[in-house]
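Residues in the sequence shown are numbered from 1 upward in steps of one, following the UniProt record's numbering. All residues carry an ideal CB built from backbone N, CA and C; glycine is no exception. All values reported here derive from a predicted model rather than from experimental measurement. What follows is a short report on a single structure.
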Amino acid sequence: MTSGPPSRQDVAAPTDADTVITFGDFTEEEAIRALHIDEEKAKAEANAAPAKPMSWAAALAAKTEAPKPAPPPVSPWGVIPTPAAATNGHGNGTDATAFVPLKIEDAIQKALESLDVTAPAKEMKKRGLVNQGNTCFQNVIMQSVLSCPPFVNLLAEISNLVVATPDLLSKSSSFRGWRNMVAFTREFEEPTLAQLQRLGSSVNDIQRKVPMPIKISGYFMDVLSAFQKMLGEQEDALEFLEFFLDYLHSEYEQSGLTLPASCEKQTKQVVADGDVNGAGSDEATGFEMDDGWAEVGKRGKSSVLRQNQVDSARSPINWLFKGTIRAETKQTGKKQSSITIEPFHCLHLHLDHDPSTITIPGVPTMKAAVKAYTVEDMIRKSFEVETIEGSAGSPPMKRVTLIDSLPVVLTLNIKRFSYHPELGPVKLQQFVKYPASFAFPVDLLSSTCRAESGGNGVGDATSGFTRYPPVYELFAVVSHHGKYVVGGHYTSMCRDNKDQWFQYNDEHVLSVTEASALAENAFLLFYIRTNNPVVNRPPPVVTTPSTIPGQGKKKQQQRGNRTSASPVGANGQRKR
């Protein structure tokens with residue numbers, strides 16, 4: 001699956017009734033005021049001498065003649081710099097003599113210490129991203145992570161603490177990824193229509209200030225090149241997400257910094273060791289062995305615990321995006337079991353892999369799967385108890401898998417790419433129903449996870465997350481459009497801090513309804529943990545896979561495309 005040249009005819013666009021073209025974050029009222037000028041004012045402006053064109057910098061620096069100056073316009077990242085504060089370049093409106101910029105590593109730590117993981121996201125301008133030749137998979141991931149409230153709030157606070165962008169990017173090579181992420185988010189900053197009006201810009205000037213899509217360049221193109229070389233120029237949105245997060249995590253880990261204790265206190269309730277037993281497990285003690293940790297339960301049961309050391313270091317990325325899975329394997333008739341703790345950035349949810357029921361475009365002899373899928377059911381299926389047949393007459397083994405720690409950001413991958421024994425890689429087109437919010441099933445949580453999530457009722461009441469069972473809210477959806485694994489196009493739907501949804505199709509940004517956002521043939525789903533209750537909404541009206549709007553209307557351009565079917569192991573999980 002590659003992004004391929006963007007083929008917008010194949011993208012299932014929202015209906016005109018639910019769609020509003022947006023320019024930056026202009027409201028409908030602002031747009032009407034700017035585009036529908038009363039006739040008298042229009043005639044007066046037509047008879048007046050044409051105004052001298054005003055540059056962008058001049059528009060921002062213009063002064064009004066009103067007796068009381070207008071208050072400085074506020075931006076998502078602070079106050080738009082005035083000439084007095086512009087020398088700082090940080091955009092927080094602080095007086096130049098008072099602002100003392102921090103080193104990037106100090107800014108990251110200070111921002112983490114003050115970060116409220118439950119706070120709503122800072123406001124972001126709606127800006128498209130230019131497709132630079134099969135880069136839509138990169139664009140949808142960047143739009144999605146910038147819709148993640150704690151992540152964008154962290155970047156906003158770092159931006160307020162460091163120097164101007166030119167100086168920020170000209171410093172040493174340390175934290176290059178973090179520096180460029182701060183600079184990248186600053187590119188989204190543009191004055192709103194109302195702010196330009198307060199600055200005294202003419203209507204004609206304002207109408208020319210339609211925000212242009214951002215062209216990702218420089219450092220991030222180097223990262224993209226490294227990603228493509230590593231994966232054989234495979235262009236997969238999920239693979240890029242994991243590569244991008246690992247890159248930022250590695251920079252923090254190699255710096256020697258330590259994640260502030262205030263972060264963990266917000267996401268894990270503090271409980272005494274004995275309280276874990278109240279969540280439903282045997283009380284256990286442990287001692288170290290050569291091949292892991294031996295746990296001895298109160299009934300004499302023992303197990304060998306093996307902790308995967310990959311990504312075990314704590315960083316802002318792992319704190320927000322990483323969870324862990326506890327898998328216990330035990331053979332019938334034996335007391336000792338084997339326990340493995342594995343990290344994950346994404347839970348992989350499997351569609352039907354039966355070759356007789358999978359959907360194969362263009363093959364009329366194959367029957368489409370009629371089973372209705374929901375995300376909740378697919379999560380449960382992923383944690384079903386497995387029976388592993390023993391070898392040489394030995395008894396079978398059972399494998400029980402549970403969540404050992406929940407991430408702040410829960411990423412779900414609906415695995416739409418399968419392998420047919422005769423046709424090779426195929427794409428699964430079944431619609432999967434996913435909710436705007438849901439409570440994670442507590443019976444899929446380990447005793448440790450239940451205790452840290454407040455399941456015992458004896459945890460720290462000051463924890464950032466206090467709702468139990470844990471609740472997750474949807475904030476981004478990534479879809480792959482196209483019938484085949486080869487070719488296709490990525491788009492994303494993202495929720496802003498006003499609970500409004502927008503579709504990002506490269507440089508095009510459309511306002512859509514929540515119902516439209518819940519009706520996508522989703523490939524990736526991004527959920528954020530919240531203290532809000534679950535809201536039950538009526539299911540969206542969706543089309544069947546065979547009549548998805550835009551599918552089959554125009555043959556997908558495939559020249560130069562490369563397959564990106566994700567490599568899978570024997571159990572269907574993505575190899576690492």
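query, result
"Using the rule of at least 16 other Cβ atoms within 10 Å of the residue's Cβ for burial, across every protein chain shown, is LEU518 buried or exposed?", "buried"
"What residues in its chain sit with their C-beta under 7 Å from that of VAL535, if we drop five residues either side in the sequence?", "ALA436, SER437"
"In whole angstroms, what separates the C-alpha of residue 647 from that of PRO316?", "For residue 647 there is no data in the structure shown, the boundaries of the chain being 1 and 576."
"What separation, rounded to the nearest whole angstrom, lies between the Cα atoms of ALA372 and PRO213?", "38 Å"
"Out of LEU115, ILE216, ASN497, VAL385, which has the shortest C-alpha to C-alpha gap to ASP443?", "VAL385"
"Ordered along the chain, which non-local residues of its own chain (more than five positions away) have a Cβ less than 7 Å from that of SER492?", "VAL140, GLN143, SER144, ALA476, VAL477, VAL478, TYR504"
"Mapping the DSSP letters down to three states, classify residue 579 as helix, strand or coil.", "Shown here, the chain extends from 1 to 576; a query on residue 579 therefore has no answer."
"In terms of alpha-carbon separation, which member of GLN500, PHE321, GLN331 lies closest to PRO343?", "PHE321"
"Would you call PRO81 buried or exposed, if buried means 16 or more other Cβ atoms sit within 10 Å of its Cβ?", "Residue confidence is low: PRO81 scores 41 on pLDDT, short of 50, so the model does not pin down where it sits. Its coordinate-derived value is still stated next. Its Cβ being crowded by 16 or more others within 10 Å, PRO81 is buried."
"Tell me, please, whether the segment 483 to 490 touches the segment 242 to 262 by the rule of three or more beta-carbon pairs shorter than 8 Å.", "no"
"Taking VAL432 and ALA515 to be in contact with their CB atoms under 8 Å, please state how far apart those CB atoms are, rounded to whole angstroms.", "VAL432 to ALA515, Cβ: 16 Å. No contact."
"Check whether the Cβ atoms of VAL130 and LYS215 sit closer than 7 Å, and answer yes or no.", "yes"
"Does any CB atom of chain C fall closer than 7 Å to the CB of SER144?", "Absent from the structure is chain C; it holds one protein chain and no more."
"On the DSSP bridge list, what partners appear for HIS249?", "Note: HIS249 sits in no beta bridge, so no partner."
"From GLU328 to GLY393, what distance separates their C-alpha atoms?", "22 Å"
"Return the residue from the list PRO533, TRP319, CYS136 that minimises the CA-CA distance to HIS481.", "CYS136"
"Give a yes or no on contact between the segment 98 to 118 and the segment 252 to 264, applying the rule of three or more CB pairs nearer than 8 Å.", "yes"
"How would you label ASN153, buried or exposed, when you count the other beta carbons within 10 angstroms and need 16 or more for buried?", "buried"
"The beta strand (DSSP E) spanning ARG127 covers which residue range?", "First-last for ARG127: undefined, no H or E at that position."
"LEU155: buried (16+ other C-beta within 10 angstroms of its C-beta) or exposed?", "buried"
"For the segment 526 to 533 against the segment 415 to 429, are there 3 or more C-beta pairs whose distance is under 8 Å?", "no"
"With C-beta atoms as the reference, is VAL163 less than 7 Å away from ILE104?", "no"
"Within this structure, are the beta carbons of PHE188 and MET124 separated by less than 7 Å?", "yes"
"Nearest CA to the CA of ARG450: which residue from GLY464, VAL471, LYS427, ASP404?", "ASP404"
"Determine the DSSP secondary structure at LYS483, reduced to helix, strand or coil.", "coil"
"Please report the straight-line C-alpha distance between ILE179 and LEU102, rounded to a whole angstrom.", "Note on identity: in this sequence residue 179 is Arg, with Ile being the wrong assignment. For ARG179 and LEU102, the distance between alpha carbons rounds to 13 Å."
"Taking only three categories from DSSP, how would you classify ASN180?", "helix"
"Could you give the C-beta distance for LEU510 and TYR434, rounded to a whole number, given that I count them as a contact under 8 Å?", "With 8 Å as the limit, LEU510 and TYR434 do not qualify as a contact, their Cβ atoms being about 20 Å apart."
"Please list, in chain order, all residues of the same chain as SER337 whose beta carbon is under 7 Å from its beta carbon, the five residues on each side excluded.", "SER303, GLU328, THR329, LYS330"
"Is MET493 helix, strand or coil by DSSP?", "strand"
"How would you write the range of the beta strand (DSSP E) that ASP236 sits in, first residue to last?", "Neither: ASP236 is in no beta strand (DSSP E) and is coded neither H nor E."
"Using DSSP with H/G/I as helix, E/B as strand and the rest coil, what is MET212?", "coil"
"Under 7 Å between the Cβ atoms of THR453 and PRO470?", "Rather than Thr, the amino acid found at residue 453 in this sequence is Ser. Yes; because the gap between Cβ atoms is below 7 Å, this pair is in contact."
"For THR543, which residues in the same chain have their Cβ closer than 6 Å to its Cβ, ignoring the five residues on either side in sequence?", "Residue confidence is low: THR543 scores 44 on pLDDT, short of 50, so the model does not pin down where it sits. No coordinate-derived value is stated."
"TYR252 to SER172, Cα distance in whole Å?", "15 Å"
"Under 8 Å by Cβ, that's how I've got LEU445 and LEU402 pegged, so tell me the actual separation to the nearest angstrom.", "6 Å"
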